[in-house]
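Numbering (this note's numbering), first residue to last: 1 to 440.
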């Protein structure tokens, strides 16, 4: 009996001694499993972003014309005082991309832009209606509130030429704007087609099996609705003089993208053609309050972008964008057409002194009747959105290192009066800016 008791005692003592070691091993195994699971999650996630600060000195000399001399009531709508601004502002953005499955991915960008020590601005422009503030997202330089500028799901199987996407997509900052910072194409549509953020549904067909390895062609169909909902009550329509505004206007865009890498002495040739049409959209700032009924408008836009990259493998890039807008509606006699042009030429240095630096110039010319389609470029000046005018933009981008750039630029443009926008002010604007940007 004593021997049995001694054996039980020894076994208990052994188990007591082994227990801490077993617990440590179990804890180690649990930590390893948790680390494996965490690594699996992190492998699905991709983080990135950028942060920039900019100083801009802006001067706009304005004078009144006699465009509405026969109707003095319209002159009161426009201020003819000269404007001078000396400003600092910033933008921060964080990108979070997730591979949900092998065929389903989620992309998002959280952004914020604001003037230093200034908060509570209402919108990007005083002519921006409430239904169109979404187009600027966090680029409106309003306040320190973060907003999602990108949030969409993409479905694509590797064996299929089809891709489908749904949500808030990368419809802004398209070519050639990315070249100012030496970046690859970041936005889907040419900037002169529209440079705004749109929510919608897209279907893409890739013809890669037809054109070979170095010629690429895609067709992209994009649908987005403009919605007109009361700002105070989400279940009510907007109304004007007791007339209710239709709650939806549909925009459809067809984009053809052709890229070739077989043209002699040119690294890459890009030819993009965008056609979009929309009818029945409502602009609260373009309503005739003296008349009953709603003034609806429609637009058809054709945009052609031609880009030549690394010409003669010298670092020289050249692009030309042509856009034609046709506006129709109760406030327009017939169709109001505009023909607009944007030239961009830039050179990337390749030497020991300033390798990677970019020197460039842009020239823009917009007709009267040009639809304002730039909602996300970050400048005080309205260079890309001017109406009935022309101007040029000189810039030099300094590559500090692989994650930092500094750009200095000068814009000068002249804008004439516009009967289409009931603007009897002629102006000449000059802007000088310095931008420092970090990528991570």
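The beta-carbon is built from N, C-alpha and C at its ideal position, and this holds for glycine as well.
On a predicted model such as this, the values are computed, not experimentally measured, just so you know.
Report task. Leaving aside the five residues before and after residue 283 along the sequence, list all residues of the same chain whose C-beta is less than 7 angstroms from its C-beta, in chain order. Result -> Listed in chain order, the non-local C-beta contacts of residue 283 below 7 angstroms within the same chain comprise 129, 297, local neighbours out to five positions each way being set aside.
Query raised in the report: For residue 112, which beta-bridge partners are listed by DSSP?
Result: DSSP lists 92 as the bridge partner or partners of residue 112.
Query raised in the report: When you compare only the Cα positions, how much space is there between residue 225 and residue 324?
Result: For residue 225 and residue 324, the distance between alpha carbons rounds to 22 angstroms.
Query raised in the report: Would residue 363 pass as a contact of residue 316 if the rule is Cβ separation under 8 angstroms?
Result: Contact: no.
Report task. Within 10 angstroms of the Cβ of residue 122, are there 16 or more other Cβ atoms? Answer buried if so, exposed if not. Result -> Around the beta carbon of residue 122, fewer than 16 other beta carbons lie within 10 angstroms, which makes this residue exposed.
Query raised in the report: With 16 other CB atoms within 10 Å as the buried threshold, where does residue 393 fall?
Result: Counting Cβ neighbours within 10 Å, residue 393 comes out buried, since at least 16 surround it.
Query raised in the report: Opposite residue 294 in the DSSP bridges: which residues?
Result: By DSSP's assignment, residue 294 forms no beta bridge with any residue.
Requested in this report: Would you kindly work out how many angstroms separate the C-alpha atoms of residue 276 and residue 352, rounded to a whole number?
Outcome: So the alpha carbons of these two residues sit roughly 46 angstroms apart.
Report task. Measure the C-alpha to C-alpha separation of residue 164 and residue 303 and round it to an integer number of angstroms. Result -> Residue 164 and residue 303 have their alpha carbons spaced roughly 23 angstroms apart.
Requested in this report: Between the Cα of residue 204 and those of 118, 250, 321, 254, spot the shortest distance and give me the residue it belongs to.
Outcome: The shortest C-alpha separation from residue 204 is found at 254.
Query - Range covered by the alpha helix (DSSP H) that runs through residue 313 - result: Per DSSP, residue 313 belongs to no alpha helix (DSSP H) and is neither H nor E.
Query - Which of helix, strand or coil DSSP assigns to residue 421 - result: Residue state, collapsed to three classes: coil.
Report task. Take residue 86 and list the residues in its own chain whose beta-carbon comes closer than 7 angstroms to its own, dropping the five residues that flank it on each side. Result -> Here the set comprises 57.
Query raised in the report: Would you call the CB atoms of residue 357 and residue 318 closer than 8 angstroms?
Result: Taking 8 angstroms as the Cβ cut-off, residue 357 and residue 318 do not qualify as a contacting pair.
Query raised in the report: Taking the alpha-carbon positions, what's the residue 439 to residue 271 distance?
Result: Near 28 angstroms, if we compare the C-alpha coordinates of residue 271 and residue 439.
Query raised in the report: How about residue 257 and residue 218: do their beta carbons lie closer than 8 angstroms?
Result: For residue 257 and residue 218, yes; Cβs fall inside 8 angstroms.
Query raised in the report: How many whole angstroms separate the CB atoms of residue 188 and residue 171, which I take to be in contact at a CB cut-off of 8 angstroms?
Result: Cβ-Cβ separation between residue 188 and residue 171: approximately 6 angstroms, consistent with a contact (criterion under 8 angstroms).
Query raised in the report: Does the distance from the CB of residue 376 to the CB of residue 173 come in under 8 angstroms?
Result: In contact: residue 376 and residue 173 (Cβ atoms closer than 8 angstroms).
**Report entry** Validate contact between the segment 263-270 and the segment 306-313 using beta carbons, cut 8 angstroms, 3 pairs
**Finding:** A contact exists between the segment 263-270 and the segment 306-313.
Query - Buried versus exposed, by CB contacts within 10 Å (16 or more), residue 291 - result: It is exposed - the Cβ of residue 291 has fewer than 16 other Cβ atoms within 10 Å.
Query raised in the report: For residue 10, does the three-state DSSP call read helix, strand or coil?
Result: Any answer about residue 10 is weak, because its pLDDT of 46 lies below 50 and its placement is not dependable; what the coordinates show is given next. In the structure shown, residue 10 sits in a helix (DSSP, three-state: H, G or I).
Query raised in the report: Across which residues does DSSP place residue 435 in a beta bridge pair?
Result: 54, 407.
Query raised in the report: Taking just the CA atoms, how far does residue 263 sit from residue 156?
Result: For residue 156 and residue 263, the distance between alpha carbons rounds to 30 angstroms.
**Report entry** Nonlocal neighbours in the same chain, by C-beta distance under 6 angstroms from residue 426, ignoring five residues either side
**Finding:** Cβ within range, chain order: 63, 65, 416, 417.
Query raised in the report: Does DSSP put residue 359 in a helix, in a strand, or in coil?
Result: In this structure, residue 359 counts as strand in the three-state DSSP scheme.
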